[in-house]
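Residue numbers (my numbering), protein chains in the order written: chain V, 362 to 668; chain P, 362 to 668.
Each residue gets a CB set at the ideal place from its N, CA and C atoms; glycine is no exception.
Protein chains: 2
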Amino acid sequence: MIKNLIDKIEKTGAPIVVGLDPKMPMIPQHILKPVFEEYGETLEAASEAIFQFNKAIVDATYDLIPAVKPQIAMYEQFGIPGLVAFQRTVDYCHEKGLIVIGDVKRGDIGSTSESYAIAHLGKIQVGSKTYAPFSEDFATVNPYLGSDGITPFVDICKKEDRGIFVLVKTSNPSSGEFQDRIIDGKPLYEHVAEKVNSWGADCMDGSYSEVGAVVGATYPEMGAELRKLMPHAYILVPGYGAQGGRGKDLVNFFNPDGLGAIVNSSRGIIAAYQQEEYKKYGEENFAEASRAAVIAMKNDINGALGK
Amino acid sequence: MIKNLIDKIEKTGAPIVVGLDPKMPMIPQHILKPVFEEYGETLEAASEAIFQFNKAIVDATYDLIPAVKPQIAMYEQFGIPGLVAFQRTVDYCHEKGLIVIGDVKRGDIGSTSESYAIAHLGKIQVGSKTYAPFSEDFATVNPYLGSDGITPFVDICKKEDRGIFVLVKTSNPSSGEFQDRIIDGKPLYEHVAEKVNSWGADCMDGSYSEVGAVVGATYPEMGAELRKLMPHAYILVPGYGAQGGRGKDLVNFFNPDGLGAIVNSSRGIIAAYQQEEYKKYGEENFAEASRAAVIAMKNDINGALGK
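And the structure:
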């Protein structure tokens, strides 16, 4: 699956992913009002409004980008109807030819991790029938529980041609509380990075492994180190834009061939129309503002990469 | 909420929690057959069968136990219909007066962690209306992202009178890969334990904090250390029974007053009828076998505690 992602990145010339992390205050009135009129102020209404919002952004950007990354928490908070919007979003993005990275940060042990892997990347048996539950292409995974938590995901990746991104160094201010602590002369995140190499060693798909890593844009020096440490791991880089990262900070996350990293922006793209720079589009044309923000982000990153 | 849990533990005399982690091969034919006949071999059928299985076990044990712990991965793997079974299980357990620990192991940063906390412990606003999505009483939480990942949960706990259990030392064989690594003279899990103390310091509810910890039954020596290190944290102890823990291994997880820990068993209870010891009950009476297994577990632990 990582090869498919790279093919799409090369085709679009855009090493970027749009984070579909909708929040109610982002959704324009012309979507909300008719939905509330039809469904009342219900979870079902929130679900429908979120899907319509996502769909408009996908329709306005899918030709420019290789992938989207829906953050499942934004859907899960609306209960079952919210998760229906998540599923509809995944399915719709697949219809439009996009690769879907489920930002689910799951992680448990043994058969429980296997169940999460089935839920998001695999297939489940019911009697003699088989179903693909949420069916993302990639999932993000938390490494705190060690190999027992990761290898069930890796097994499903091999079987189903899917991939994972393991949290190595996250973009948030307090990520250092545990991740930066020194163990045998190097920070915990480097130990996790070494495990990413070993977990991914026997599931190569072209020059990269199905096992990638999450490294925050907000830590460019660590990004440079981690890029070298994990030569076969694609790096998913959150923290661009709203969290402070910029194109010039991101050069070190890439390999000399311009591959090796894919940068996420969520708010900066999907709520572009609420930012000073894109206010001129107006609420009605929020999706066009998102398209403009994607183009600006692509230019910023490619410019920094000298492309 | 931790006070409610302790009240229920004292009332039932059972510091135990039943892990509602159903798998298809555990579900007896007399449940599966009519459900498949009605719904076909569908995800909806799996959902209905899982709920009926859980309901029978809850009906047979709710008077003996304070709490249940559904593992959401077991439901999530059946997609939306599976999560409907999760929600029905939570609601039904509440109807029967049980406290529900959502074993969700969620964890992200900032507003994303807040969304997970809302999903499982809080309330969400839609227009002028407010809804409680999954509405468990406690949730398990992963600490790898540091305070940014935990404090949004703590804030919701304070606001809604709920609690969390933070993964400190997990029960699985490879938990030591990162958790046991030495940082400044002590293992990572002890650093996490210190953070559990500070995260929980200003949300005490009686003698214990709303912020508890997960420490696996399979590591009794570490349990003894961690019990001392986190005097106000209730410890949720997985790994009893099927994973190898026994009552005598668990004494150290408790305080001298007999409080301070609650021990989970999943397979050992809900699939008791499939074990040699309880085979005599037969598949038809699987729930009665679960009741017998609960009584045996309670006696084992209370015996070890000298009660």
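Within chain P, partners of residue i - CB distance below 7 Å
i               : result
I370 of chain V : The premise fails here: I370 of chain V is roughly 25 Å from chain P at the closest Cβ pair, so nothing lies under 7 Å.
I485 of chain V : Q438 and F439
I543 of chain V : I544
G397 of chain V : Sequence inspection shows Phe at residue 397 of chain V; the Gly mentioned does not correspond to that position. The contacting residues are G488.
K589 of chain V : Simply none; closest approach about 21 Å.
Reference residue i, options the options, closest by Cα
i               : options                           : result
T422 of chain P : P:I662, P:D661, P:F499 and P:R652 : P:R652
P592 of chain P : P:P617, P:Y580, P:N365 and P:Y436 : P:P617
V598 of chain V : V:S532, V:A562, V:K364 and V:E475 : V:S532
A574 of chain P : P:I388, P:G537 and P:F614         : P:F614
Y639 of chain V : V:K394, V:A654, V:G600 and V:I460 : V:A654
S536 of chain P : V:L444, V:I511, V:Y642 and V:E555 : V:I511
P395 of chain P : P:A410, P:I656, P:N663 and P:Y492 : P:A410
T450 of chain V : V:D509, V:E497 and V:E538         : V:E497
A417 of chain P : P:E644, P:G664, P:A657 and P:K668 : P:E644
P548 of chain V : V:S508, V:L590 and V:A648         : V:L590
E521 of chain P : P:A480, P:F412, P:I596 and P:S626 : P:A480
G380 of chain V : V:G602, V:L666, V:L620 and V:T473 : V:G602
V624 of chain V : V:P383, V:G600 and V:Q635         : V:G600
R628 of chain V : V:D382, V:I370, V:A375 and V:Y492 : V:D382
G374 of chain V : V:A648, V:L620 and V:Y634         : V:L620
A622 of chain V : V:V576, V:M658 and V:A648         : V:V576
M565 of chain P : P:E538, P:K519 and P:H552         : P:K519
Alpha carbon of residue i to alpha carbon of residue j, nearest angstrom
i               : j               : result
I517 of chain P : Y477 of chain P : 10 Å
F499 of chain P : F414 of chain V : 32 Å
I377 of chain P : Y436 of chain V : 32 Å
Y400 of chain P : A407 of chain P : 9 Å
D452 of chain V : N660 of chain P : 50 Å
G608 of chain V : I367 of chain P : 52 Å
S559 of chain P : D469 of chain V : 25 Å
A594 of chain P : A554 of chain P : 9 Å
A650 of chain P : A632 of chain P : 8 Å
S570 of chain P : K364 of chain P : 9 Å
Y505 of chain P : E398 of chain V : 42 Å
L666 of chain V : I543 of chain V : 32 Å
I630 of chain P : G440 of chain V : 29 Å
S474 of chain P : P534 of chain V : 14 Å
V487 of chain V : G443 of chain P : 12 Å
E582 of chain V : I596 of chain V : 14 Å
Y550 of chain V : I370 of chain V : 27 Å
D420 of chain V : L393 of chain V : 18 Å
N646 of chain P : C454 of chain P : 20 Å
V588 of chain V : K668 of chain V : The residue you asked about is not Val; residue 588 of chain V is Arg in the sequence shown. Each residue's Cα considered, the two are about 19 Å apart.
Y634 of chain P : F514 of chain P : 38 Å
R467 of chain V : D509 of chain V : 13 Å
Under 8 Å by beta carbon: chain P residues contacting residue i
i               : result
S626 of chain V : None at all; the shortest Cβ gap to chain P is about 15 Å.
D509 of chain V : N533, P534, S535 and S536
Y580 of chain V : By Cβ distance, chain P contributes nothing, its closest Cβ being about 13 Å from Y580 of chain V, past 8 Å.
Partner residues on chain P for residue i, Cβ-Cβ distance less than 9 Å
i               : result
V572 of chain V : Simply none; closest approach about 15 Å.
F499 of chain V : Within 9 Å Cβ-Cβ: nothing; F499 of chain V doesn't reach chain P, min ~16 Å.
I460 of chain V : Ordered by position in chain P, no residue passes the 9 Å Cβ test against I460 of chain V, which lies about 20 Å from the chain.
A554 of chain V : The premise fails here: A554 of chain V is roughly 12 Å from chain P at the closest Cβ pair, so nothing lies under 9 Å.
Proximal chain V residues relative to residue i, where beta-carbon distance stays under 7 Å
i               : result
Y601 of chain P : Those within 7 Å of Y601 of chain P in chain V number zero; the least Cβ separation is about 15 Å.
N415 of chain P : What N415 of chain P touches in chain V: nothing, since even the nearest Cβ is about 16 Å away.
A407 of chain P : V487
Cross-chain neighbours of residue i in chain V, by beta carbon under 9 Å
i               : result
Q432 of chain P : D469, T473 and S476
V445 of chain P : I441
Cβ distance (whole Å) where residue i is taken to contact residue j below 8 Å
i               : j               : result
I462 of chain V : K490 of chain V : That belief does not hold up - the Cβ atoms of I462 of chain V and K490 of chain V are roughly 27 Å apart, past 8 Å.
I426 of chain V : D464 of chain V : Wrong, their Cβ atoms sit about 16 Å apart, outside the cutoff.
V529 of chain V : V572 of chain V : With a Cβ gap of about 11 Å, V529 of chain V and V572 of chain V do not count as contacting.
G483 of chain V : M362 of chain V : Actually they are not in contact, since the Cβ atoms of G483 of chain V and M362 of chain V sit about 12 Å apart, beyond 8 Å.
L611 of chain P : A578 of chain P : 6 Å
F412 of chain V : A446 of chain V : 5 Å
Exposure of residue i, with buried meaning 16 or more beta-carbon neighbours within 10 Å
i               : result
G546 of chain P : exposed
Q540 of chain V : buried
Q390 of chain V : exposed
A562 of chain P : exposed
Q438 of chain P : buried
K641 of chain V : exposed
E456 of chain P : exposed
E637 of chain V : exposed
K556 of chain P : buried
P386 of chain P : exposed
I656 of chain P : exposed
E405 of chain V : buried
Chain-ordered neighbours of residue i on chain V, where CB pairs are closer than 8 Å
i               : result
M672 of chain P : The first residue shown for chain P is 362 and the last is 668, placing residue 672 of chain P beyond what the model contains.
L549 of chain P : F539, R542, I544 and L549
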